[in-house]
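Report on one structure; see the data block that follows.
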Amino acid sequence: MPQPNQAALDFLLSRRSRPAKTLQAPAPDRAALDPILTAGLRSPDHGKLEPWRLIVLDRAALDRLAGLAETRGAALGLDPDQVEKTRATYADSPLAVVVVAAPVASEKVPEIEQLYSAGAVCLSLLNAALAAGWGANWLSGWASHDRGFVEQGLALAPQESVAGIIHIGTERAAPPDRPRPDQGAKVTWMDQ
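So this is what it looks like as structure tokens:
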């Protein structure tokens with residue numbers, strides 16, 4: 001029989017992202033963030049290609065990106081409410097970690113598997129931050145998919161993209177849990 005890690009299983013059965021708008025300072029400092037980043041990078045990675053990298057956004061970077069979101073949103077003619085929501089997400093975040101999908105040329109590992117690996121890094125970072133006692137949320141949004149924003153604001157190369165942005169901070173108030181998927185409606189058992 002396997003030896004279960006009941007504490008880890010209990011955490012996973014009860015984990016819940018915290019809405020980014022409920023996060024405030026303080027955020028983890030470099031010493032507190034180090035084990036979270038280390039855990040995040042221990043993600044499935046077919047071929048050991050490490051097809052991702054991380055960018056940690058501190059207060060000054062978040063403020064700069066808030067301004068850039070406002071400028072880019074206006075230049076793109078986006079709805080002002082949508083632009084303001086994105087600007088506020090950056091301006092109000094105490095700390096964020098951008099997971100950059102950086103596919104590596106490979107004959108054996110398709111790019112889609114490398115993108116899945118970057119997504120796994122996002123979830124690992126999110127869970128590590130929550131397990132460390134911080135509030136955390138995985139977001140993206142229009143700005144993270146706008147080439148002008150990511151190239152100017154994050155210095156992404158043309159082949160790179162944002163897999164997700166993990167916002168981390170101290171939670172103001174715990175939100176109520178949300179309804180969870182019905183396993184009976186989402187799981188199919190194949191006996192043959």
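If you read the sequence shown in full-length UniProt numbering, its first letter stands for residue 1, the second for the next number, and so on.
Using N, Cα and C, we set each Cβ at its ideal position, and we do this for glycine too.
Just so it is clear, the structure is predicted and the values come from calculations on it, not from any experiment.
Three-way DSSP call (helix, strand, coil) for SER124 in this model: If DSSP states are grouped into helix, strand and coil, SER124 belongs with the helices.
The beta strand (DSSP E) enclosing GLY141, as first and last residue numbers: Note, GLY141: premise wrong, no beta strand (DSSP E); not H, not E.
Between the CA atoms of HIS145 and LEU95 - distance to the nearest angstrom: Whole-angstrom Cα-Cα distance: 20 Å.
CA nearest to the CA of LEU37, picked from ALA20, ASP45, ARG53 and LYS85: The shortest Cα separation from LEU37 among ALA20, ASP45, ARG53 and LYS85 belongs to ARG53.
Straight-line Cα distance separating LEU130 from VAL150: Between VAL150 and LEU130, the C-alpha separation is close to 26 Å.
Which listed residue (ALA27, THR188, ASP177 and GLU50) has its alpha carbon closest to that of LEU115: Measuring from the Cα of LEU115, the nearest candidate turns out to be GLU50.
Residue range of the unbroken alpha helix (DSSP H) whose run includes GLU171: Not the alpha helix (DSSP H): GLU171 falls in the beta strand (DSSP E), residues 161-171.
Presumed contact (8 Å Cβ cut-off) between VAL121 and SER43, rounded CB distance: Yes, they are in contact, since the Cβ atoms of VAL121 and SER43 sit about 5 Å apart, within 8 Å.
C-beta contact flag for ARG87 and ALA66 at 8 Å: ARG87 is a Cβ neighbour of ALA66, given a cutoff of 8 Å.
Contact the segment 150-164 vs the segment 22-31: 3+ CB pairs below 8 Å: Between the segment 150-164 and the segment 22-31 there are fewer than three inter-stretch CB-CB distances shorter than 8 Å, so the stretches are not counted as touching.
Nearest candidate by alpha-carbon position, reference TRP142, set ASP79, SER17 and GLY135: That would be ASP79, whose Cα lies nearest to the Cα of TRP142.
Chain-order list of residues whose beta-carbon lies under 6 Å from that of SER161 (same chain, five-residue window excluded): Short of 6 Å from the beta carbon of SER161, and not among the five residues preceding or following it, lie these beta carbons of its own chain, in chain order: ALA101.
Exposure of GLU107, with buried meaning 16 or more beta-carbon neighbours within 10 Å: With fewer than 16 other CB atoms across the displayed protein chains lying within 10 angstroms of its CB, GLU107 is exposed.
Which listed residue (ALA8, PRO2, ALA7 and ARG15) has its alpha carbon closest to that of ASP177: It is ARG15.
Status (buried if at least 16 other CB within 10 Å, exposed otherwise) for GLY133: By the neighbour-count criterion, in which 16 or more other beta carbons inside 10 Å mark a residue as buried, GLY133 falls on the exposed side.
Closest by C-alpha distance to LEU23, when choosing among ALA7, VAL56 and SER93: That would be SER93, whose Cα lies nearest to the Cα of LEU23.
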